[in-house]
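Worksheet for the structure shown next.
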Amino acid sequence: MPKSIIVEIEPEVLKWLRESSGWKIEEVAKRVNTIAEAVVEFESGKKSPTLKQLKILSASFKRPLASFFLSKLKEEKPLPKDYRFLPNKKGIFDKKTILAIRKARRLQKISKKEMEKNETIQPPKNIIECC
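Letter by letter, the sequence shown follows residues 7 to 137 of the working numbering.
Structural data, given as structure tokens:
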């Protein structure tokens, strides 16, 4: 029987990846076939996940496997305000919406860089930064 490879990662990076992808601890535990307490231990640094578990989380969070090996958190804009609810209620985006926002921001960033590289097309001066 092959032995599992234990991988040392920064616990706060794992927590950030989970939260920024819209996953709850219980959902992560179910996905990697473990208990919620083990996930809490991963995020506190008391225990380390296996490479197989990281691959599962990478696919689930829709993040590259390499992102789990970051030494510090990546700067990221906060999610926009959810206007679908009454002002005194806080809306929480679901996983699909969070992924769509991440993809849109990535495309905005790529488009902006391409427009800046191409001297014949200038980006509009009054462009609204979204999300």
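Every residue gets a Cβ at the ideal spot worked out from N, C-alpha and C, and that includes glycine.
- DSSP, read as helix, strand or coil, puts residue 40 in coil.
- DSSP places residue 116 within a helical segment (H, G or I) once states are collapsed to three.
- The residue among 77, 67, 117 and 90 with its C-alpha nearest the C-alpha of residue 102 is 67.
- Residue 25: member of the alpha helix (DSSP H) spanning 17-26, first to last residue.
- Per the DSSP secondary-structure output, residue 12 pairs in a beta bridge with 56.
- Taking the Cβ atoms as the reference, residue 57 lies roughly 16 Å from residue 34, outside the contact range of under 8 Å.
- Looking at the backbone, the Cα of residue 22 and that of residue 31 are separated by about 12 Å.
- Taking all protein chains in view, the Cβ of residue 74 is crowded by 16 or more other Cβ atoms within 10 Å, so the residue is classified as buried.
- Separation of residue 70 and residue 90 (C-alpha to C-alpha, rounded to the nearest whole angstrom) is 31 Å.
- Looking at the backbone, the Cα of residue 98 and that of residue 117 are separated by about 28 Å.
- Shown here for residue 19: same chain residues with a beta carbon closer than 6 Å to its own, the five before and five after excluded, namely 76 in chain order.
- A Cβ-Cβ contact shorter than 8 Å links residue 82 with residue 26.
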